[in-house]
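Novice:
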Amino acid sequence: MIEDMDVARLMRAEVESAETPSAVVNIERAMIAGRRQRWYARGAGAALAVVAVAVGAVTVPGLVAPDGSSAPALEMVGALAPLEPYTGEVTSPDASRIPAALETIDPTVQYVRFGWLPSGLASLQYGAGLTHTGPGVFLNGSSGDKQNWAGVSVDLYPKGVTPPAPQVMGIDQRAPVVSTAPAPDVRGAAATFTQYDVDGTDRLSLRWQYAPDGWAAVDVSPWAAGQDAREIALHVAQKLRFSTTERVRMPAQVMGVPQSLRPIYTDVNGPLTPDGWRWYASVSYSALPPTANTGTQWSKTLDVSFSPYFEMTDKIRAELDGKEPPLPNTTFDGHQAYFVAGGDPNGLESLTVYDVRGMTVGIDAHRGTLDEQGTKGLFQHLDLAGAKTDWRPSLMVD
């Protein structure tokens, strides 16, 4: 999710850029995207790779078979001493692979799925395409506790990009290295463990090349004293399922998008546990060419999102803590809806339609990305026939 820290970074980029603000990044769009995800997918994890893992711990030693029947749980405890040589076991790798380093990132492709995760996680998230730092792919599993974050994240970088140190609280700050150590080969490639100090809590990063000149990283944070996070990172890495042909599964099909727009980012997330019900899926399109810089491409976009519809109750209102969806101000196509037309030349037209086959559908479009029918015209082209309220993203190997 685009949380307050992400918006602050975007605003900082806008201030420091020599270009006009609207050509760098649209803060209104970032805020709307963040609000939508907080409304409907609270606890689903971070949306940007730079904040994919925060603080906490892992407990219950020992790894087991990929069914996770007695996998280690994640909880908030302590920190690790500097890394020592690894002498533990390494599970056999999954046979899937990406044959060559990714030169471009196709947002419609599901490049990676988890084959194994430790227990104690509540939600999964996948994002691919153009983040605010550049093209990339990330996949994470989180505990769902926003106060005591625990989780595992995977990042795939395009050709020639070296994984950076993790982001820490504060703008443009990178975590210092605590220690490094050789790791066993991962999927036939040399690998390295790096331990970082992220806001006073250790984070372990396992890095290797998934293809020549193409880097991958598995980060684990947090973990308990006595639990070897390296085992978890290695087991996750070895059991990842890679693909360059599988498509990201969406709860509904986006149809009727003008040919002048191209997808630049896809984000899907949802619960890992059977009783979890909140999920979120969105796709963003840009009217600007891929040769434009990152901020410029995000300055003129169309965003379409889907999430489960829910009736507002006192309990949910308390959970949302003031970040509630807007009250309907109109009706559209027989449904309660909220609509705001962009008022200035760079305005953002926003349409939210409630309880559409059990879903809430959101469409945000910068002026000039759609024809004169705008967001309402696009809504009528969406293929919602197969929509199901119990939809889940396909982020774990079946």
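FYI, the numbering for the sequence shown is -4 to 393, going by our numbering.
Just so it is clear, CB atoms sit at the ideal spot from N, CA and C, and this is done for glycine as well.
Given the structure is predicted, the values throughout are model-derived calculations rather than measurements.
(1) Mind checking whether T394 and S281 have CB atoms under 7 angstroms apart?
(2) Any idea if Q190 is buried or exposed, counting beta-carbon neighbours within 10 angstroms, 16 or more meaning buried?
(3) Whole angstroms is fine: what's the gap from P88's alpha carbon to Q331's?
(4) Between D101 and chain C, is there a C-beta pair that is closer than 7 angstroms?
(5) Starting from the Cα of Y152, find the closest Cα among V107, V181 and G139 and give me that residue.
(6) Quick check on the burial criterion: 16 or more other C-beta atoms within 10 angstroms. Buried or exposed for N264?
(7) Taking the CB atoms as reference points, tell me whether G251 and H376 lie closer together than 7 angstroms.
(8) With DSSP as the reference, identify every bridge partner of N135, one or two as the case may be.
(9) Check whether the Cβ atoms of I358 and L343 sit closer than 7 angstroms, and answer yes or no.
(10) Taking the DSSP output, what are the residues bridged to I93?
(11) If the criterion is Cβ atoms closer than 7 angstroms, does the pair L235 and V85 meet it?
(12) Whether or not the segment 239 to 257 and the segment 97 to 107 are in contact is what I'm after, with contact meaning three or more pairs of Cβ atoms, one per stretch, closer than 8 angstroms; do they touch?
(13) If you check the beta carbons only, do D192 and A170 fall under 7 angstroms apart?
(14) Classify N324 as buried or exposed, calling it buried when 16 or more other Cβ atoms lie within 10 Å of its own Cβ.
(15) So L373 and A247 are in contact, right, with Cβ under 8 angstroms, and what is the actual spacing, rounded?
(16) Using DSSP bridges, identify the partner residues of P207.
(17) Does I100 come out as helix, strand or coil in the three-state DSSP assignment?
(18) Ignoring anything shorter than 4 residues or poking outside the segment 278 to 344, list the alpha helix (DSSP H) runs there in chain order.
(19) Answer with buried or exposed for M408, where buried requires no fewer than 16 other C-beta atoms within 10 angstroms of its C-beta.
(20) Taking just the CA atoms, how far does Q292 sit from G129?
(21) Counting Cβ pairs closer than 8 angstroms, one from the segment 119 to 138 and one from the segment 76 to 83, do we hit at least three?
(22) Please state the DSSP three-state secondary structure of H361.
(23) Helix, strand or coil: how does DSSP classify T175 here?
(24) Rounded to a whole number of angstroms, what is the C-alpha to C-alpha distance between A212 and S200?
(25) Under the three-state reduction of DSSP, which class applies to R236: helix, strand or coil?
(26) Any chance the segment 112 to 131 sits against the segment 202 to 209, with 3 or more Cβ pairs inside 8 angstroms?
(27) Cα-Cα, which of G329, T261, M391 and S114 is closest to K371?
(28) Please report how far the alpha carbon of T326 lies from the alpha carbon of G369, in whole angstroms.
(29) Taking the alpha-carbon positions, what's the V172 to P158 distance?
(30) Residues in the same chain with beta-carbon distance under 6 angstroms from G155, minus the five sequence neighbours each way, listed in chain order, please.
Specialist: Reading from the atomic positions:
(1) What the structure shows of the chain is the stretch from -4 to 393, and residue 394 is not part of that stretch, so it cannot be assessed.
(2) Translated into positions along the sequence shown, residue 190 becomes position 195. Classification for Q190: buried.
(3) As a working note, residue 88 is residue 93 in the sequence shown. As a working note, residue 331 is residue 336 in the sequence shown. Each residue's alpha carbon lies about 50 angstroms from the other.
(4) Note that chain C does not occur in the displayed structure, where there is just one protein chain.
(5) Stepping through the sequence shown from its first residue, residue 152 is reached at position 157. Minimum Cα distance to Y152 is reached at V107.
(6) Taking the first residue of the sequence shown as 1, we reach residue 264 at position 269. Classification for N264: buried.
(7) Position 256 of the sequence shown, counting from 1, holds the residue named residue 251. Position 381 of the sequence shown, counting from 1, holds the residue named residue 376. Going by C-beta atoms, G251 is nearer than 7 angstroms to H376.
(8) Taking the sequence shown and counting its residues from 1, the one referred to as residue 135 is at position 140. Q120 and S148, per the DSSP bridge assignment.
(9) In the sequence shown, residue 358 corresponds to position 363, counting from 1. In the sequence shown, residue 343 corresponds to position 348, counting from 1. Contact: no.
(10) Here residue 93 refers to the residue found at position 98 when the sequence shown is read from its first residue. In the DSSP output, where bridge partners are listed per residue, I93 has none listed.
(11) Residue numbering aside, residue 235 sits at position 240 when the sequence shown is read from its first letter. Residue numbering aside, residue 85 sits at position 90 when the sequence shown is read from its first letter. No, they are not a contact pair.
(12) yes
(13) Looking up residue 192 in the sequence shown gives position 197. Looking up residue 170 in the sequence shown gives position 175. Yes, Cβ-Cβ distance for D192 and A170 is below 7 angstroms.
(14) As a working mapping, residue 324 is identified with position 329 in the sequence shown. Label assigned to N324: exposed.
(15) On the sequence shown, residue 373 is found 378 positions in, with the first residue counted as 1. On the sequence shown, residue 247 is found 252 positions in, with the first residue counted as 1. Not quite, the Cβ-Cβ distance comes to about 13 angstroms (not below 8 angstroms), so this is no contact.
(16) The residue you call residue 207 lines up with position 212 of the sequence shown. According to DSSP, P207 bridges with nothing at all.
(17) Within the sequence shown, the letter at position 105 stands for residue 100. Looking at I100 - three-state DSSP - the assignment turns out to be coil, as it is neither helix nor strand.
(18) 289 to 292 and 309 to 315
(19) Lying outside -4 to 393, the shown extent of the chain, residue 408 is not represented and no answer is given.
(20) To locate residue 129, count along the sequence shown from 1; it is residue 134. To locate residue 292, count along the sequence shown from 1; it is residue 297. Approximately 11 angstroms between the Cα atoms of the pair.
(21) no
(22) As a working note, residue 361 is residue 366 in the sequence shown. H361 falls in the strand class under three-state DSSP.
(23) As a first step, residue 175 must be located in the sequence shown, where it is residue number 180. T175: strand per DSSP, three-state reduction.
(24) One-based indexing of the sequence shown puts residue 212 at position 217. One-based indexing of the sequence shown puts residue 200 at position 205. So the alpha carbons of these two residues sit roughly 6 angstroms apart.
(25) Residue 236 sits at position 241 when you count from the first residue of the sequence shown. If DSSP states are grouped into helix, strand and coil, R236 belongs with the strands.
(26) no
(27) For the purposes of this step, residue 371 is identified with residue 376 of the sequence shown, where counting begins at 1. With distances taken between Cα atoms, K371 lies closest to G329.
(28) One-based indexing of the sequence shown puts residue 326 at position 331. One-based indexing of the sequence shown puts residue 369 at position 374. C-alpha separation (whole angstroms): 16 angstroms.
(29) For the purposes of this step, residue 172 is taken as the residue at position 177 of the sequence shown. For the purposes of this step, residue 158 is taken as the residue at position 163 of the sequence shown. Each residue's alpha carbon lies about 13 angstroms from the other.
(30) Within the sequence shown, numbered from 1, the residue matching residue 155 stands at position 160. So the qualifying residues of the chain are D208.
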